[in-house]
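J.: So in this note's numbering, spot 206 of the sequence shown is number 239, and the numbers just go up one at a time.
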Amino acid sequence: MKNALLLCVVTLVSTTLSAQLQLSTPEPGEFFTQGVGEYLTIPEDVGTTGQVWDFSGTTTLQSSSANFVSTDSTSFGKSFANAEIGLEAGNATTYYAYDGAYQFLGGFENQLIVAYTDPEEYFPLPFNLDDSWEDTFAATFGAAGITFERSGTISTNCVAQGSLTLPGGQVLEDAYRISVSEYLRDSTFLGTYEIFTEGDYWFAEDYPLLAFANLTQTTFDTTTGGEPITQEGSFSVWMESYTVGIETIVHAPSWSMMPNPAIAQLTIARGNFQMPAECVVYGLDGREMLRELIHPGIQVSRLDVSHLPEGVYLVYLGESTKAQRLVIQR
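1) Along the chain, where does the beta strand (DSSP E) containing residue 193 start, and where does it finish?
2) Could you have a look at residue 233 and say whether DSSP puts it in helix, strand or coil?
3) Is the region 153-172 touching the region 205-214 in the sense that three or more CB pairs, one from each, lie closer than 8 angstroms?
4) Measuring alpha carbon to alpha carbon, tell me which of 239, 196, 186 ends up nearest residue 219.
5) What are the boundary residues of the beta strand (DSSP E) that includes residue 81?
6) On a Cα-Cα basis, can you pick out the residue from 99, 88, 71 that is closest to residue 65?
7) Output the residue ranges of the beta strand (DSSP E) runs that lie fully inside the region 97-160 and measure 3 residues or longer, sorted by chain position.
8) Where does the unbroken beta strand (DSSP E) through residue 325 begin, and where does it stop?
9) Are the CB atoms of residue 143 and residue 132 within a distance shorter than 9 angstroms?
10) Can you tell me the Cα-Cα spacing of residue 364 and residue 151, whole angstroms?
11) Output needed for residue 346: all residues of its chain with C-beta closer than 8 angstroms, excluding positions within five of it in sequence on either side, in chain order.
12) Who are residue 53's beta bridge partners in DSSP?
13) Can you say whether residue 282 is buried or exposed, counting buried as having 16 or more other CB atoms within 10 angstroms of its CB?
14) Beta carbon of residue 332, beta carbon of residue 69: below 9 angstroms?
15) Taking buried to mean at least 16 other C-beta atoms within 10 Å of its own C-beta, is residue 363 buried or exposed?
16) Three-state secondary structure (DSSP) at residue 204?
17) At the level of alpha carbons, what is the spacing between residue 140 and residue 90?
18) According to the Cβ coordinates, are residue 330 and residue 307 closer than 9 angstroms?
Now the structure itself:
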């Protein structure tokens with residue numbers, strides 16, 4: 034693993050010296066729902082500590098859910114020897130670790146296994162205010178008889194500390210804003226697929242995953258010898274609820290779609306977005322009307338449904354046998 038911790042050599046007051054983000058490994062059985070909303074224009078912070086970020090007025094457009102499971106309880110947990118916890122949404126499971134760094138190790142869906150040979154470390158733990166981090170990651174995996182070579186880089190910078198108010202009004206008093214720049218590339222003999230992610234994370238010790246994020250993602254789908262097909266999307270995402278223990282809860286779907294009824298475009302949001310998933314739309318007569326691959330790393334994707342006639346359809350995502358009902362109305 035190639036990484037470099039770049040420490041800013043500056044004179045800091047004592048409160049800044051003690052400001053650092055620490056995360057704990059989640060426990061199996063913990064469950065959460067994430068909300069998705071519009072991309073926000075957020076100004077740069079003046080100073081580092083004592084910031085106030087109030088996103089309470091942000092409207093939830095979609096929600097999706099996932100839950101943590103022990104690695105031993107999953108089908109391919111032994112393929113991820115260094116994983117401390119699994120994250121399950123629908124038929125997809127991804128693996129994470131928190132020992133020394135917040136790490137992503139890959140995942141599986143049915144028989145597709147993507148085990149990182151070089152894990153992705155988002156940032157070290159603890160992550161000190163004003164520190165920066167760079168890391169590379171890599172994986173080789175096969176799908177449909179094709180070998181994929183994945184590579185990428187991530188850069189993060191812990192830029193500020195303060196109070197964060199989430200949509201819905203929950204206040205996290207000791208939150209950290211982390212700027213992020215991520216590049217992921219999947220290569221085959223057929224071409225390449227690239228994802229550029231830019232934006233900001235907000236983390237707090239209250240949650241083992243991000244509390245809020247505001248991101249822009251640009252993708253380039255290039256066949257060998259062809260011109261790239263470019264798409265861009267921007268969105269915000271946040272922790273809508275987090276459940277610890279064994280209380281009875283109603284699970285939201287692992288993915289959601291909007292608007293419904295739709296006219297020309299359909300937005301899909303996934304709770305577990307690190308694995309690829311095919312979105313298939315069927316008419317009520319059983320005919321396949323649309324099939325599109327949603328690539329790994331894309332949490333919010335947009336599908337063109339302008340060619341579908343008015344009517345009612347069934348939408349399946351991944352290997353799930355549960356469909357959601359879609360209405361096309363113009």
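Ideal Cβ positions, reconstructed from N, Cα and C, are used throughout, including at glycine.
T.: Per the coordinate set shown:
1) Counted from its first residue, the sequence shown places residue 193 at position 160. 179-198 is the span of the beta strand (DSSP E), which, as asked, contains residue 193.
2) Your numbering for residue 233 matches position 200 in the sequence shown. The answer is strand: DSSP assigns residue 233 an E or B state.
3) yes
4) Along the sequence shown, one-based indexing puts residue 219 at 186. The shortest C-alpha separation from residue 219 is found at 186.
5) What you label residue 81 is simply residue 48 of the sequence shown in a count that begins at 1. It is not in any beta strand (DSSP E) - residue 81 carries neither H nor E in the DSSP assignment.
6) Within the sequence shown, the letter at position 32 stands for residue 65. Measuring from the Cα of residue 65, the nearest candidate turns out to be 99.
7) 118-122, 125-130, 134-142, 145-157
8) Locating residue 325 in the sequence shown gives position 292, where the first residue counts as 1. From DSSP, the beta strand (DSSP E) with residue 325 extends over 321-327.
9) Residue mapping note: residue 132 aligns to position 99 of the sequence shown, counting from 1. Residue mapping note: residue 143 aligns to position 110 of the sequence shown, counting from 1. No, the Cβ-Cβ distance between residue 132 and residue 143 is not below 9 angstroms.
10) Since the first and last residues shown for the chain are 34 and 363, residue 364 lies out of range.
11) As a working mapping, residue 346 is identified with position 313 in the sequence shown. Contacts found: 314, 315, 316, 317, 322, 358, 359, 360, 361.
12) Taking the sequence shown and counting its residues from 1, one reaches residue 53 at position 20. Beta-bridge pairing links residue 53 to 161.
13) Translated into positions along the sequence shown, residue 282 becomes position 249. Because the pLDDT at residue 282 is just 45, under 50, the model does not fix this residue reliably, and the value given afterwards should be weighed accordingly. So residue 282 counts as exposed.
14) Along the sequence shown, one-based indexing puts residue 332 at 299. Along the sequence shown, one-based indexing puts residue 69 at 36. Yes, they are a contact pair.
15) In the sequence shown, the residue the question calls residue 363 occupies position 330. Its Cβ having fewer than 16 others within 10 Å, residue 363 is exposed.
16) Taking the sequence shown and counting its residues from 1, one reaches residue 204 at position 171. Correct three-state label for residue 204: strand.
17) Taking the sequence shown and counting its residues from 1, one reaches residue 140 at position 107. Taking the sequence shown and counting its residues from 1, one reaches residue 90 at position 57. In a straight line, the C-alpha of residue 140 is about 35 angstroms away from that of residue 90.
18) Residue 330 sits at position 297 when you count from the first residue of the sequence shown. Residue 307 sits at position 274 when you count from the first residue of the sequence shown. Against a cut-off of 9 angstroms, the Cβ pair of residue 307 and residue 330 comes out as a contact.
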